[in-house]
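J.: Sharing a structure with you now.
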Amino acid sequence: MSTKILLQLEGVSKEFPGVKALSGVDLCLRKGEIHALMGENGAGKSTLIKVMTGVYKRDSGVMKLNGKEIQPKSPLEAQQLGISTVYQEVNLCPNLSVAENIFIGRQPRKWGMIDWETMNRRSEELLARLDLYIDVKQQLSMYSVAIQQMVAIARAVDISSGILILDEPTSSLDTNEVKQLFSLMKKLREEGMGILFVTHFLDQVYEVTDRITVLRNGTLVGEYKTEELSRTQLVSHMIGREWNPDELSGEKSNKTASAEQFLRANGLSKKGSINPFDLTIRKGEVLGLAGLLGSGRTEIARLIFGIDKSDSGVLELGEEKIAAMSPQKAIKYGFGFCPEDRKVEGIVGELTIRENIILALQAKNGLFSYIQTKKQKEIAQEYIELLKVKTPGTEQRIDNLSGGNQQKVILARWLATQPRLLILDEPTRGIDVGSKTEIRKLIFNLAASGISILIISAELEELVNCCDRIVVLRDRVQIGEIAGSDMNENRIMQMIAEGAGVYGKSGVIGA
Amino acid sequence: MASLASSVRRVTKYKIVWPLLAMAILYLFNLIVVPGFFKIEVIDGHLYGSLVDVLNRGTPLIIMAIGMALVIALEGIDISVGSVLAIAGSMAIFMLEGHSLWVAILASLVIGLLCGLWNGMLVSILGIQPMVATLILLTVGRGIAQLITNGQILTTTNKGYEFIGKGYFLGLPFAVYIAAAVFIIIYLLKTKTAFGLFLEATGANRKSSEYAGVKPRAIFMSAYAICGLLAATAGIIYSSNLSSADANNAGLWYELDAILAVVIGGTSMRGGRFYLGGTVIGAIFIQSLTTTIYSLGVPPESILLVKAFVVILVCLIQSDAFRQMLTFKRKVTTS
Ligand SMILES: Nc1ncnc2c1ncn2[C@@H]1O[C@H](COP(=O)(O)OP(=O)(O)OP(=O)(O)O)[C@@H](O)[C@H]1O
Ligand SMILES: [Mg+2]
Numbered sequence: 001m002s003t004k005i006l007l008q009l010e011g012v013s014k015e016f017p018g019v020k021a022l023s024g025v026d027l028c029l030r031k032g033e034i035h036a037l038m039g040e041n042g043a044g045k046s047t048l049i050k051v052m053t054g055v056y057k058r059d060s061g062v063m064k065l066n067g068k069e070i071q072p073k074s075p076l077e078a079q080q081l082g083i084s085t086v087y088q089e090v091n092l093c094p095n096l097s098v099a100e101n102i103f104i105g106r107q108p109r110k111w112g113m114i115d116w117e118t119m120n121r122r123s124e125e126l127l128a129r130l131d132l133y134i135d136v137k138q139q140l141s142m143y144s145v146a147i148q149q150m151v152a153i154a155r156a157v158d159i160s161s162g163i164l165i166l167d168e169p170t171s172s173l174d175t176n177e178v179k180q181l182f183s184l185m186k187k188l189r190e191e192g193m194g195i196l197f198v199t200h201f202l203d204q205v206y207e208v209t210d211r212i213t214v215l216r217n218g219t220l221v222g223e224y225k226t227e228e229l230s231r232t233q234l235v236s237h238m239i240g241r242e243w244n245p246d247e248l249s250g251e252k253s254n255k256t257a258s259a260e261q262f263l264r265a266n267g268l269s270k271k272g273s274i275n276p277f278d279l280t281i282r283k284g285e286v287l288g289l290a291g292l293l294g295s296g297r298t299e300i301a302r303l304i305f306g307i308d309k310s311d312s313g314v315l316e317l318g319e320e321k322i323a324a325m326s327p328q329k330a331i332k333y334g335f336g337f338c339p340e341d342r343k344v345e346g347i348v349g350e351l352t353i354r355e356n357i358i359l360a361l362q363a364k365n366g367l368f369s370y371i372q373t374k375k376q377k378e379i380a381q382e383y384i385e386l387l388k389v390k391t392p393g394t395e396q397r398i399d400n401l402s403g404g405n406q407q408k409v410i411l412a413r414w415l416a417t418q419p420r421l422l423i424l425d426e427p428t429r430g431i432d433v434g435s436k437t438e439i440r441k442l443i444f445n446l447a448a449s450g451i452s453i454l455i456i457s458a459e460l461e462e463l464v465n466c467c468d469r470i471v472v473l474r475d476r477v478q479i480g481e482i483a484g485s486d487m488n489e490n491r492i493m494q495m496i497a498e499g500a501g502v503y504g505k506s507g508v509i510g511a
Numbered sequence: 512m513a514s515l516a517s518s519v520r521r522v523t524k525y526k527i528v529w530p531l532l533a534m535a536i537l538y539l540f541n542l543i544v545v546p547g548f549f550k551i552e553v554i555d556g557h558l559y560g561s562l563v564d565v566l567n568r569g570t571p572l573i574i575m576a577i578g579m580a581l582v583i584a585l586e587g588i589d590i591s592v593g594s595v596l597a598i599a600g601s602m603a604i605f606m607l608e609g610h611s612l613w614v615a616i617l618a619s620l621v622i623g624l625l626c627g628l629w630n631g632m633l634v635s636i637l638g639i640q641p642m643v644a645t646l647i648l649l650t651v652g653r654g655i656a657q658l659i660t661n662g663q664i665l666t667t668t669n670k671g672y673e674f675i676g677k678g679y680f681l682g683l684p685f686a687v688y689i690a691a692a693v694f695i696i697i698y699l700l701k702t703k704t705a706f707g708l709f710l711e712a713t714g715a716n717r718k719s720s721e722y723a724g725v726k727p728r729a730i731f732m733s734a735y736a737i738c739g740l741l742a743a744t745a746g747i748i749y750s751s752n753l754s755s756a757d758a759n760n761a762g763l764w765y766e767l768d769a770i771l772a773v774v775i776g777g778t779s780m781r782g783g784r785f786y787l788g789g790t791v792i793g794a795i796f797i798q799s800l801t802t803t804i805y806s807l808g809v810p811p812e813s814i815l816l817v818k819a820f821v822v823i824l825v826c827l828i829q830s831d832a833f834r835q836m837l838t839f840k841r842k843v844t845t846s
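Just so you know, the protein sequences line up as chains R and A, in that order.
Quick note: the first sequence uses my numbering, first residue 1, plus one each step.
Quick note: the second sequence uses my numbering, first residue 512, plus one each step.
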């Protein structure tokens, strides 16, 4: 492997009002390497990337590209220098087509007009490299976050020359997509590209990266060769104290889930989104939904919470039959829903952390039982401490928080309503190793206190770890469920692979 | 120097600083150039003078702008308020013929409310773009007003009605008290109920708010309804001040002044946070500007030009990007 240095940063600092996001950070990206940038939520990874690509202006420090000092003033300028980036919060235009998104600003032309045919064909080719076969003429917003993320990656790969930066590109991808992405990354590495890669998944770090740079609280901890750094060491560097790998697994309380049913879905369905399914969630039970992308996991959650309206079937809550669910109704019944797409469906970016936390509780209480500001601050502070949100205070705008910390605030929003059923769609997406453990513990505690939890996660390991029971989906059909000692990752993968033919619709009811 | 810079930064964090600054400059200009602008006389126990005039003429605009602020907070716009003003004024004076004062006022307010609900329905239920949706009432509205007035300019001699827009109470124009009351009510609605939170959340991210249990439709409906109601209130004051209702010309172009007042007050057209205090200052600024231009004796054909120029200036000062450009240039030249 050649060791030619592509991009070098020395002593980079960046301060936001009240937050020193980076102080004196160095980074060195070499030709033909995949370099992991690691650190806890709020460590400064995304900020460093944004400083490199000209989104933010650095306060001090030097940045050299191929030995020449550069100072990109905008992402476009960085792009022209050969640095292409997929930011953590996907930055595409939801109302344009997939192909338009990939070629925006550089549409192929014929006779001075946009050559749609070429554009669509080339888009299809690009996505095929990622093993993604979708209709590129469709509007982007029609597709899930995962596919949007793949589209963003395809675009970045296509325009990159020399340097590719990926800020948590895998956070909403499934194992298969990740595999595709990694083989593409490895190919690019062979072609001599330098790739900077941010993730919170340790497995992925060890699978593809050559080197690791660790940040903590905006300072550089060090640069290491991946093969020379053990996982325990890596996490210890990230959190700044000795880490014990057992912490991660967390202990599932061996309580016996009460027999009392909380919610029953009978033949609920929505055309084109999910075929009829039956679900029962008991009080204090953690129920998981497993399946690949587009298998209908999120669709089930949206039907139960009333965001989408069902074509058939009923929801039964104890004795009550609910025909037409809506989010407002669901909240009145004590449901909470952490959506998958944090930026579009979760946070209200312009408002403060306090207002974001209080929003659902206030909506539940109604217009006139206004929660006094002082009380609001107390509630917000309580959850900031409980979930260890990294922020100078309750009055910060939420979009100034790091991605993982925003996720915690949305979780806090629902905890504040004291829900009876919590629907969590990818609750630990973008959350660092330490906080993941915290959130799992929280889920166990909530369940132990009698709250039912419906959890969706692309991480099978997480489902197996947290759930009492897992329902498996494939191609928008419920294909079976497993519970107890039957639950393991291989079994789930097998069920998904073999599909409905083997397990039938009512499925194998696990031990 | 550093502490000055930091305290400047601290102060300019508040959006209201910019309209206040613009106003201060305008008044300083008046102090130097327009003699007698600040003269206030007491005649018959009433205050008279340019300043009182600004306040008096400005009240319909202030009231209208407050309603507009709510709509703009939802990333919307209501360009029909001028027409609603005309409808409400015509309705009130039409009803005064043969009905009591209260019935006339009530009828006028109700028709304003209906106009607002109509706009709200088009925007929130049918999902029509606010600009297009309210364009309908902008054009049709004056026709409706003409139907009410039967194509004539209606006049009234009802003393009670005239008091609303012309009367004095404790030395100040009575309409000023109405504006103050409107401000206080909307302010309380914003700060003592969850309306402010719901409105700003819906305006900033409708989807997230809906998933958090806010009812966006209800919020849209109420914002447009209040906007219509306040436009009608402005219409009553306006027509009472003139003792007449002119379907064609009453409140012509007022919608633009109202929108400007909101924007000058620091509220972004992209929705989200809105500023009531800033809006009021913005409205007073625009009225002061108009009065100043008149008292300078600017030829009528250039009035709009002068106004546009000043407004552009104020908007530029408010723009973070523009201020950054200025400071950036300075740094470059000094280094
Ligand atoms: N625009 C901003 N204004 C104020 N503070 C900010 C802004 N952007 C980031 N910060 C703060 O800077 C710190 C670093 O944030 P950054 O987004 O770089 O973290 P991160 O390492 O990417 O975390 P995550 O893993 O959660 O994505 C955080 O404390 C965050 O609150
Ligand atoms: Mg980040």
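Ideal placement from N, C-alpha and C gives every residue a C-beta, glycine not left out.
(1) Whose C-beta lies closer than 6 Å to the C-beta of R/Gln8 among residues of the same chain, with five residues either side of it excluded?
(2) In terms of residue numbering, what span does the beta strand (DSSP E) encompassing A/Phe820 cover?
(3) Let me know the secondary structure DSSP gives R/Val389 once reduced to three states.
(4) Only counting runs of 4 or more residues, tell me where the alpha helix (DSSP H) segments fall wholly within the stretch 686 to 752 of chain A, in order along the chain.
(5) Between R/Asn405 and the rest of its own chain, which residues show a CB-CB distance below 7 Å, the 5 nearest in sequence each way excluded?
(6) Counting only C-beta atoms, is A/Leu643 closer than 9 Å to chain R at any point?
(7) Should the stretch 765 to 783 of chain A be called in touch with the stretch 792 to 804 of chain A, which here means at least 3 C-beta pairs below 8 Å?
(8) Rounded to whole angstroms, what is the Cα-Cα separation between R/Met1 and R/Gly32?
(9) What do you reckon, is the C-beta of R/Val198 under 8 Å from a heavy atom of ligand 2?
(10) Mark A/Met642 as exposed unless 16 or more other C-beta atoms lie within 10 angstroms of its C-beta, in which case mark it buried.
(11) Closer than 9 Å, CB to CB, is A/Leu708 near chain R or not?
(12) Let me check one thing: in DSSP terms, what residues is R/Ile114 bridge-paired to?
(13) I'd like to know if the stretch 400 to 419 of chain R and the stretch 211 to 218 of chain R are in contact, where contact means that at least 3 CB-CB pairs between them fall below 8 Å.
(14) Please confirm whether R/Leu181 and R/Ile212 have their CB atoms less than 9 Å apart.
(15) Using a cut-off of 8 Å between C-beta atoms, extract the partners of A/Thr704 located in chain R.
(16) Quick check on the burial criterion: 16 or more other C-beta atoms within 10 angstroms. Buried or exposed for R/Asp588?
(17) Can you give the Cα-Cα distance for R/Phe337 and A/Ala584, rounded to whole angstroms?
(18) Would you identify the three-state DSSP class for R/Gly24, choosing helix, strand or coil?
(19) Using C-beta distances below 6 Å, list every residue in its chain close to R/Gly18, excluding the 5 sequence neighbours before and after it, in chain order.
(20) Say yes only if the C-beta of R/Lys45 is nearer than 8 Å to one or more non-hydrogen atoms of ligand 2, and no if none qualify.
(21) Distance, Cα to Cα, A/Gln864 vs A/Tyr525?
(22) Going along the chain, which unbroken runs of the beta strand (DSSP E) with 3 or more residues stay wholly within the stretch 416 to 450 of chain R?
(23) Distance, Cα to Cα, A/Pro530 vs A/Gly777?
(24) What are the uninterrupted segments assigned as alpha helix (DSSP H) that are 4 or more residues long and contained completely in the stretch 176 to 257 of chain R, given in chain order?
(25) Of all Cβ atoms in chain A, is any one closer than 9 Å to the Cβ of R/Ala412?
(26) Put R/Pro276 into one of helix, strand or coil per three-state DSSP.
(27) Which residues, in chain order, does the stretch 340 to 367 of chain R contribute to contact with chain A at a C-beta distance below 8 Å?
(28) Looking only at C-alpha atoms, which of R/Phe368, R/Leu202, R/Glu207, R/Asp210 sits nearest to R/Arg231?
(29) In the DSSP assignment, find the unbroken alpha helix (DSSP H) run with A/Thr660 in it and report its ends.
(30) Which one or two residues does DSSP pair with R/Leu29 in a beta bridge?
(31) From the DSSP output, in three-state form, read off R/Thr352 for me.
(32) Measure the C-alpha to C-alpha separation of R/Gly339 and A/Ile590 and round it to an integer number of angstroms.
(33) Helix, strand or coil for R/Leu101? Go by DSSP, reduced to three states.
(34) Given that R/Pro72 touches chain A, what residues does it touch there, using C-beta distances under 7 Å?
(35) Name the chain A residues whose beta carbon is nearer than 8 Å to that of R/Phe337?
(36) Along the beta strand (DSSP E) that carries A/Ala576, what are the first and last residues, could you check?
T.: By the coordinates alone:
(1) Cys28, Lys64
(2) No beta strand (DSSP E) holds A/Phe820; the alpha helix (DSSP H) holding it covers 811 to 829.
(3) coil
(4) 706 to 715, 717 to 722
(5) Asn41, Gly42, Val389, Lys390, Thr391
(6) The sequence shown places Val at residue 643 of chain A, not Leu. It does not: the Cβ of A/Val643 has no partner Cβ on chain R nearer than 9 Å.
(7) yes
(8) Caution is warranted here: a pLDDT of 44 is assigned to R/Met1, below 50, making its placement in the model unreliable, and the coordinate value is therefore given only provisionally. Cα to Cα, R/Met1 sits roughly 7 Å from R/Gly32.
(9) yes
(10) exposed
(11) yes
(12) R/Arg109
(13) no
(14) no
(15) Leu367, Phe368, Tyr370
(16) A question about residue 588 of chain R goes unanswered here, because the residues of chain R that appear run from 1 up to 511.
(17) 26 Å
(18) strand
(19) Pro392
(20) yes
(21) Only positions 512 to 846 of chain A appear in the structure, and residue 864 of chain A is not among them; the question remains open.
(22) 421 to 425
(23) 8 Å
(24) 202 to 208, 231 to 239, 246 to 249
(25) no
(26) strand
(27) Val344, Glu345, Gly346, Ile347, Val348, Gly349, Glu350, Leu351, Glu355, Ile358, Leu359, Ala360, Gln362, Ala363, Lys364, Asn365, Gly366, Leu367
(28) R/Leu202
(29) 641 to 660
(30) R/Leu7
(31) strand
(32) The displayed chain sequence assigns Pro, not Gly, to residue 339 of chain R. Rounded to whole angstroms, R/Pro339 to A/Ile590 spans 36 Å at the Cα level.
(33) As written in the sequence, residue 101 of chain R is Asn, which differs from the Leu given in the question. In this structure, R/Asn101 counts as helix in the three-state DSSP scheme.
(34) Ordered by position in chain A, no residue passes the 7 Å Cβ test against R/Pro72, which lies about 16 Å from the chain.
(35) Tyr722
(36) Looking at the DSSP string, A/Ala576 is not in any beta strand (DSSP E); the run it does join, the alpha helix (DSSP H), is 561 to 584.
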